[in-house]
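Working notes, beginning with the structure itself.
Chains as they are written, first to last, in my numbering: chain A, 9 to 359; chain B, 49 to 379.
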């Protein structure tokens with residue numbers, strides 16, 4: 009892209025990076041190329057296009073599954089302590105206390121890269137203040153960093169830290185090294201907030217943990233007093249193919265038509281479901297019963313399909329420079345190095 | 049025109065040689081030596097050319113591009129937009145960069161001390177060619193054989209808080225002191241990485257000190273012994289002065305190497321937690337490749353280069369000054 013010799017299609021999660029591409033005139037909106045396919049968007053779920061729409065025009069078509077956030081839990085630990093998945097934040101805190109008292113780690117986290125901690129922030133801010141808080145920041149209102157939803161969410165996060173609910177050393181653990189998942193399948197940790205890909209990773213790390221039915225999952229609990237909908241979601245909404253402007257118009261048309269017909273098709277959807285992906289296609293609804301991991305796939309698909317608001321991970325939604333600042337400041341919150349107020353003022357100053 | 053001097057050289061030889069000291073010697077000498085000098089120059093130029101070309105294209109040109117880029121706003125996909133001094137102005141209001149610079153200075157100072165002392169100690173104690181010392185030296189060299197990425201991964205898994213080697217030792221042998229959040233505690237992470245960097249590079253400097261010590265003439269120690277010098281006095285008045293050049297060159301290498309060192313910080317913490325280990329080189333990398341602000345990243349690059357060059361110049365100057373002071377009898 010920077011070398012000015014882009015391929016016909018590039019894959020992107022949309023958001024802040026896409027905006028840079030659009031401003032630089034590097035990618036093409038799809039409407040013109042797809043004029044012969046009216047209503048092609050309706051074959052995808054409602055949440056699909058928000059993050060690839062710039063100035064009212066759609067620039068991308070989902071090519072890979074969606075990655076929503078959810079809470080994973082250890083069924084053996086929960087049943088041993090007679091716990092059931094918590095529906096509210098207060099129950100969740102009570103469960104954490106019980107788990108800790110019994111000598112287990114309540115929450116596994118690998119926050120060396122900052123993004124796993126960001127999932128906590130995204131879910132809590134949404135539950136507390138609804139999706140409009142972050143949406144307005146993405147649209148340039150950096151004063152919203154002072155929104156009480158941030159201070160409250162960060163206070164709640166720091167309380168989890170102070171109560172010792174995360175495993176020791178969570179801030180230095182790289183999630184991709186597998187340690188947070190290992191804490192679960194070695195029966196040391198009880199819960200982990202993560203995107204749905206934890207499931208397929210767990211299958212390569214310790215398939216027996218899943219086949220014995222030890223891995224459980226539930227949606228992020230509601231937060232009393234918050235204005236956000238309990239069904240709101242956050243995560244990597246989609247991976248999209250964008251079509252580059254330097255491609256000749258005839259090839260662009262061909263590429264767009266291929267994407268618009270192939271990606272929502274029943275056969276492509278079936279192939280994605282086979283990999284425990286969550287397709288953003290309406291065709292997936294009818295096929296959920298025939299997947300290798302039916303109950304998990306059904307659960308995650310419904311998380312996405314029924315979410316009133318589905319927020320793109322903030323580090324992708326924001327312009328890259330703000331995303332870097334956000335991750336650094338949030339890591340400081342997670343190691344109690346910066347107060348919630350410092351977080352807000354640092355972010356406001358940066359935006 | 050590298051060949052011209054050689055072409056003309058035939059004609060100059062016709063002039064009869066003039067004895068030195070004669071009144072015309074200056075001018076005739078100049079006539080004779082001119083083309084020869086030119087020929088020698090041509091040879092020099094031809095000899096230096098490959099290195100100069102490499103240096104120009106791999107160092108000078110990129111530095112010039114970075115300098116140019118520092119006056120532009122560019123995110124990698126946008127058009128270049130003239131930014132004037134905006135990027136440079138930002139440098140003076142950037143608390144993040146100041147913090148990173150401070151961390152870099154701390155790491156450099158601690159690294160210089162740690163690596164110099166450790167490598168000197170290891171180098172001197174293994175200098176005498178015995179079997180044990182040869183075995184030890186071979187052991188010391190081992191870290192040099194591992195790539196930085198390998199060292200990073202090894203230490204990351206050793207220091208992993210729950211399932212790492214340190215945690216295992218702490219649990220098995222009840223060594224509570226090993227049970228630390230090595231890379232996750234903002235108050236120690238910088239020093240932990242500095243020690244790992246020392247572990248990586250001390251072997252190299254040990255090699256330097258070992259060889260340098262072996263080249264100190266034995267007669268000096270014999271003379272010192274005759275004068276009744278104790279072991280420490282011999283070290284202070286014979287070994288240290290003799291190692292002066294080695295200390296100078298190893299110091300320049302440590303300081304400049306550490307100022308720009310990036311790999312281990314990137315591998316182990318990526319600057320975290322938060323910004324606790326975000327040294328200036330990492331800040332520069334993040335500005336360029338995470339924040340895609342190539343203009344400002346270029347400013348940081350130039351700052352880093354200038355600091356490196358000045359530090360190197362100062363160190364060499366100090367070393368040369370004290371060397372010449374010694375030559376004139378000062379100590």
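Built from N, CA and C at the ideal position, the CB exists for glycine as well.
Taking residue 196/A as reference, the option from 271/A, 175/A and 142/A with the minimal CA-CA separation is 175/A. Counting the other CB atoms within 10 Å of its CB gives residue 130/B a total below 16, which places it among the exposed residues.
Against chain B, the CB of residue 16/A has no partner CB under 7 Å away; the residue lies outside that interface. A contact is defined here as three or more CB-CB pairs under 8 Å, and the segment 141-153 of chain A fails this definition with respect to the segment 162-172 of chain A.
Take residue 239/B, set aside five residues on each side of it, and the residues of its chain with a beta-carbon closer than 8 Å to its own are 158, in chain order.
Taking 7 Å as the cut-off, the beta carbon of residue 118/A is found closer than this to the beta carbon of residue 183/A. Sequence-distant Cβ neighbours of residue 178/A in its own chain, meaning closer than 6 Å and more than five residues away, are 117 and 119.
Note that the segment 337-348 of chain B touches the segment 118-127 of chain B; at least 3 beta-carbon pairs, one per stretch, sit closer than 8 Å. Residue pairing from DSSP places residue 225/A in a beta bridge opposite 80/A.
If you check the CB distance, residue 173/A and residue 104/A come in under 7 Å.
A contact is defined here as three or more CB-CB pairs under 8 Å, and the segment 66-86 of chain A fails this definition with respect to the segment 253-263 of chain A. Closest by C-alpha distance to residue 315/A, out of 343/A, 266/A and 236/A, is 236/A.
Under the 10 Å beta carbon count, residue 258/B is surrounded by 16 or more other beta carbons and is classified as buried.
Here the C-alpha atom of residue 335/B lies approximately 19 Å from the C-alpha atom of residue 316/B. Counting C-beta pairs closer than 8 Å gives fewer than three between the segment 92-111 of chain A and the segment 329-336 of chain A, which falls short of the contact rule.
In the same chain as residue 241/A, and ignoring 5 residues on each side of it, the C-beta atoms closer than 6 Å to its own belong to 76, 311, 315 and 318, in chain order. Look at residue 169/B: its C-beta is not under 7 Å from any C-beta on chain A. By the CB criterion at 7 Å, residue 300/A and residue 96/A fall outside the cutoff.
Taking 7 Å as the cut-off between beta carbons, the residues of the segment 340-351 of chain B near chain A are 340 and 341, in sequence order. Interface annotation for the segment 316-340 of chain A against chain B: 327, 328, 329, 330, 331, 332, 333, 335, 336, 337, 338, 339 and 340, criterion Cβ-Cβ distance under 9 Å. Contact between the segment 344-351 of chain A and the segment 312-329 of chain B is established, with three or more Cβ pairs separated by less than 8 Å. A Cβ of chain B is located within less than 7 Å of the beta carbon of residue 177/A.
In this model, residue 84/B and residue 92/B are separated by some 12 Å (Cα to Cα).
Taken through DSSP and simplified to helix, strand or coil, residue 61/A comes out as strand. Residue 154/B has a beta carbon lying at 7 Å or more from every beta carbon in chain A.
Taking a Cβ-Cβ threshold of 7 Å, the residues of chain B close to residue 187/A are 208, 210 and 211, in chain order. Of 39/A, 211/A, 282/A and 80/A, the smallest CA-CA separation from residue 257/A is found for 39/A. No Cβ-Cβ contact shorter than 7 Å links residue 295/B with residue 356/B. For residue 300/B, the enclosing alpha helix (DSSP H) stretches over residues 292-307.
Secondary structure at residue 338/B: helix, using DSSP grouped into helix, strand and coil. A straight-line Cα-Cα distance of about 14 Å links residue 339/A and residue 237/B. For residue 149/B and residue 166/B, the gap between their C-alpha atoms comes out near 25 Å. Separation of residue 295/A and residue 202/A (C-alpha to C-alpha, rounded to the nearest whole angstrom) is 25 Å.
DSSP, reduced to helix, strand and coil, places residue 93/A outside both helices and strands of the structure shown, so it counts as coil. When the beta-carbon positions are compared, residue 299/B and residue 256/B stay at least 7 Å from each other. Contact between the segment 272-284 of chain B and the segment 194-202 of chain B is absent, with fewer than three C-beta pairs closer than 8 Å.
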